[in-house]
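Reading through the structure tokens given below for one structure.
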Amino acid sequence: MNATESAETTLAPHPAAATRAALVCGILGIILVAVIIAAQLVRAFNPYQDATDQVNFLLQTQPDLEVRLDYIEMARTRLQAYLDMEAAYAVANTGLTAEEQLVEVLAAQGIRSTDVRTFTSLLENAAAELTALQAELQQPELAAPLKPLFYQIRQQPQISDSERLNQIQELSPKVVEDLNDLRRRLQSISTYLRQITESPHLEQIPAMLSADAATALPGDSDAWVYLNAYTAWKGLPKASESLEIQFAGTVSILEDVFTAVNTARLQDRRWGYSTWEPAAAWINTRLGITIAAAVVLLLIAVLLLLRSRIDWIRVNQGPDQRIRAFMANLALSLRQARPTASLPGADFIQGGETAPPSPAQPTRRRTLNKEGDGINPRLLVLWPNGERENYPLSTDMAFRIGTDPRNPVYIDKRDAGYIEIWIRGARTGFFLEVMFCESPVLLNRLPVSGARALHDGDLIQVLDVSLIYSET
Numbered sequence: 003m004n005a006t007e008s009a010e011t012t013l014a015p016h017p018a019a020a021t022r023a024a025l026v027c028g029i030l031g032i033i034l035v036a037v038i039i040a041a042q043l044v045r046a047f048n049p050y051q052d053a054t055d056q057v058n059f060l061l062q063t064q065p066d067l068e069v070r071l072d073y074i075e076m077a078r079t080r081l082q083a084y085l086d087m088e089a090a091y092a093v094a095n096t097g098l099t100a101e102e103q104l105v106e107v108l109a110a111q112g113i114r115s116t117d118v119r120t121f122t123s124l125l126e127n128a129a130a131e132l133t134a135l136q137a138e139l140q141q142p143e144l145a146a147p148l149k150p151l152f153y154q155i156r157q158q159p160q161i162s163d164s165e166r167l168n169q170i171q172e173l174s175p176k177v178v179e180d181l182n183d184l185r186r187r188l189q190s191i192s193t194y195l196r197q198i199t200e201s202p203h204l205e206q207i208p209a210m211l212s213a214d215a216a217t218a219l220p221g222d223s224d225a226w227v228y229l230n231a232y233t234a235w236k237g238l239p240k241a242s243e244s245l246e247i248q249f250a251g252t253v254s255i256l257e258d259v260f261t262a263v264n265t266a267r268l269q270d271r272r273w274g275y276s277t278w279e280p281a282a283a284w285i286n287t288r289l290g291i292t293i294a295a296a297v298v299l300l301l302i303a304v305l306l307l308l309r310s311r312i313d314w315i316r317v318n319q320g321p322d323q324r325i326r327a328f329m330a331n332l333a334l335s336l337r338q339a340r341p342t343a344s345l346p347g348a349d350f351i352q353g354g355e356t357a358p359p360s361p362a363q364p365t366r367r368r369t370l371n372k373e374g375d376g377i378n379p380r381l382l383v384l385w386p387n388g389e390r391e392n393y394p395l396s397t398d399m400a401f402r403i404g405t406d407p408r409n410p411v412y413i414d415k416r417d418a419g420y421i422e423i424w425i426r427g428a429r430t431g432f433f434l435e436v437m438f439c440e441s442p443v444l445l446n447r448l449p450v451s452g453a454r455a456l457h458d459g460d461l462i463q464v465l466d467v468s469l470i471y472s473e474t
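Position 375 (the sequence shown) corresponds to 377 in our numbering; numbering is contiguous.
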């Protein structure tokens with residue numbers, strides 16, 4: 003008995019240890035479950051998901067946004083023929099003597115001195131703006147870091163990356179400010195030069211300087227710089243129109259992107275999403291391991307708890323009680339006779355033979371017939387005289403409509419100004435993009451500015467020319 007009692011005494015502490023181990027494992031498993039749920043909640047309340055969807059939509063409507071972000075190089079290329087900086091420096095450094103000579107010579111032709119001074123003043127203002135514009139075009143492009151960010155969003159539209167969106171939100175205001183500065187420069191230069199070309203009193207000054215009457219002006223006079231500058235710059239307003247419109251479209255898109263991301267950032271500050279996002283992202287990337295660890299810990303806790311319960315029962319029962327309980331259970335099992343009908347599967351025993359199993363029912367299968375028709379994109383042009391022309395479209399090149407005779411669809415000017423409209427293919431289909439048109443371009447009788455996706459049967463109207471986009 004002493005040996006038995008000593009054995010019982012050594013076994014007694016084990017149930018308590020198992021209970022403590024079960025409690026620790028259960029707490030750890032519950033903590034992991036809570037962490038998994040919290041990570042999913044953080045992911046579900048991601049304020050940047052809506053911003054990502056809006057940015058993806060804006061990028062789909064502007065398939066060439068990355069190209070237009072090279073605005074410095076674009077401005078250099080478009081304005082290279084008109085940026086005569088030598089004339090600008092000459093006009094800026096011309097003194098009052100040249101202006102007085104010009105007034106004296108043109109007074110003999112009946113031109114008022116006030117008109118001459120207005121003419122020279124406008125050219126001096128344009129020269130100052132051209133000098134500032136040239137300095138801005140020499141600066142590095144601020145949009146260079148934005149292009150790879152937009153490219154990554156196009157390649158991975160399903161990923162909502164707050165860090166990437168925050169970088170766009172920080173860089174886009176600087177690019178917008180730079181673009182607006184260029185737009186203001188171009189508008190100022192165009193305004194100064196148009197005041198000369200649109201004024202009947204001022205427009206005759208360069209004409210008289212170019213005529214034979216200008217022989218009264220000495221050949222070495224500094225006043226000739228005004229005529230040279232006007233001759234070099236008079237085409238600048240026309241060249242900068244389409245450029246300024248493209249800059250305005252780029253600014254509009256960047257402002258929409260900034261608004262979408264800024265709204266998400268305000269919600270982020272209110273909810274503290276960025277504080278929990280790194281931990282939630284780490285857990286979500288290892289979600290399978292975390293779930294398995296939680297399940298294992300909870301199972302271990304349950305098993306240890308059951309074992310500790312059994313151990314506590316054994317400790318509380320003495321040796322005699324366990325023997326009596328064992329013998330009673332054995333006697334009870336010997337007295338009880340189990341009929342054959344109560345056995346599992348007795349319903350299938352008839353006359354000593356086992357009933358054959360029922361045949362398995364055939365499995366019904368569902369079939370789906372998928373039919374696909376080939377897409378043949380083309381453009382049907384309806385001319386005002388009733389003629390019709392069909393043009394097939396290609397995703398490899400832009401289909402151009404406008405006043406340029408090289409375009410497949412040539413729109414006669416008829417005092418409509420310059421027109422340039424593109425239809426081109428992208429990853430998601432064909433797009434209509436209005437590059438420049440003074441008259442409204444209608445898509446399904448609604449005015450269009452910028453880029454719009456085309457669908458089968460869409461009607462495009464440019465002045466009195468109608469175009470129907472078809473894919474069948």
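Backbone N, C-alpha and C fix where the C-beta goes; we use that ideal spot for every residue, glycine too.
One alpha carbon belongs to LYS149, the other to GLU172, and they sit about 14 Å apart. Between SER244 and TYR412, the C-beta spacing is not below 9 Å. Following the DSSP letters along the chain, one finds GLU75 inside the alpha helix (DSSP H) bounded by residues 73 to 81. Cβ neighbours of ARG78 within its own chain (closer than 7 Å, five residues either side excluded): LEU139. Of ALA303, ASP258, GLY388 and LEU61, the smallest CA-CA separation from GLN158 is found for LEU61.
In this structure, LEU144 and ALA225 do not form a Cβ contact; the two beta carbons are roughly 41 Å apart against a cut-off of 8 Å. Within the region 13 to 55, complete alpha helix (DSSP H) segments of at least 4 residues are found at 15 to 46, given in chain order. Put simply, of PRO442, ALA100 and ALA146 the residue whose alpha carbon is nearest the alpha carbon of THR122 is ALA100. In the structure shown, GLN103 falls within a helical segment according to DSSP collapsed to helix, strand and coil. As computed with DSSP, GLN463 is found in a beta bridge with LEU444 and SER468. With a beta-carbon spacing of about 5 Å, VAL93 and LEU125 fall inside the 8 Å limit used to define contacts. Across the set THR233, VAL118, ARG429 and PRO449, the C-alpha of PRO449 shows the shortest separation from the C-alpha of VAL436. Here DSSP, grouped into helix, strand and coil, assigns ILE170 to helix.
CA-to-CA, the gap between ILE403 and GLU422 works out to about 6 Å. Each residue's CA atom was taken as its position, placing ALA231 and ASP86 some 8 Å apart. For MET437, there is no enclosing alpha helix (DSSP H); the residue is part of the beta strand (DSSP E) that begins and ends at 431 to 439. With respect to ASN392, GLU473 sits apart: the two C-beta atoms are not nearer than 9 Å. Note: GLU391 is bridge-paired with VAL383 in the DSSP secondary-structure output. For ILE247, the CB contacts under 8 Å within the same chain, skipping 5 residues up- and downstream, are MET437 and PHE438 in chain order. Contact annotation: ARG380 and PRO394 have beta-carbon atoms nearer than 9 Å. Take GLN56, set aside five residues on each side of it, and the residues of its chain with a beta-carbon closer than 7 Å to its own are ALA262, in chain order. Using a Cβ-Cβ distance cut-off of 8 Å, the region 177 to 191 and the region 104 to 113 are not in contact, since fewer than three pairs of beta carbons, one from each stretch, lie closer than that value. Judged by beta-carbon spacing, GLY452 lies beyond the 9 Å limit of GLN169, meaning their Cβ atoms are not closer than that value. PHE432 is a Cβ neighbour of LEU456, given a cutoff of 9 Å. Per DSSP, the beta bridge partners of GLU422 are GLY404 and PHE438. Exclusion of the five residues before and after TYR194 leaves LEU124, ASN127 and ALA128 as the residues of its chain whose Cβ lies within less than 6 Å of its Cβ. Residue burial annotation: GLU440 is exposed, with fewer than 16 other C-beta atoms found within 10 angstroms of its C-beta.
Residues VAL57, LEU60, ILE170 and SER174 of the same chain have their beta carbon placed closer than 7 Å to that of VAL259, with the five preceding and five following residues left out of the count. Under the three-state reduction of DSSP output, ARG454 falls in the strand class. In the assembly as shown, ILE312 is an exposed residue. Its beta-carbon has fewer than 16 other beta-carbons within 10 Å. Nearest to SER115 by alpha-carbon distance, out of ASP466, TRP235 and HIS203, is HIS203. Distances from the CA of ARG185 to each of LEU167, ASP466 and ALA134 were compared; the closest alpha carbon is that of ALA134. The beta carbon of GLY459 is closer than 8 Å to those of ILE470, TYR471 and SER472 in its chain, skipping five residues each way along the sequence.
Ranking LEU256, GLN111, THR120 and LEU238 by CA distance to the CA of GLU179 puts LEU256 first. In the three-state scheme derived from DSSP, where H, G and I count as helix and E and B as strand, PRO208 is classed as helix. Secondary structure note for MET399: it is in no alpha helix (DSSP H), with a DSSP letter that is neither H nor E.
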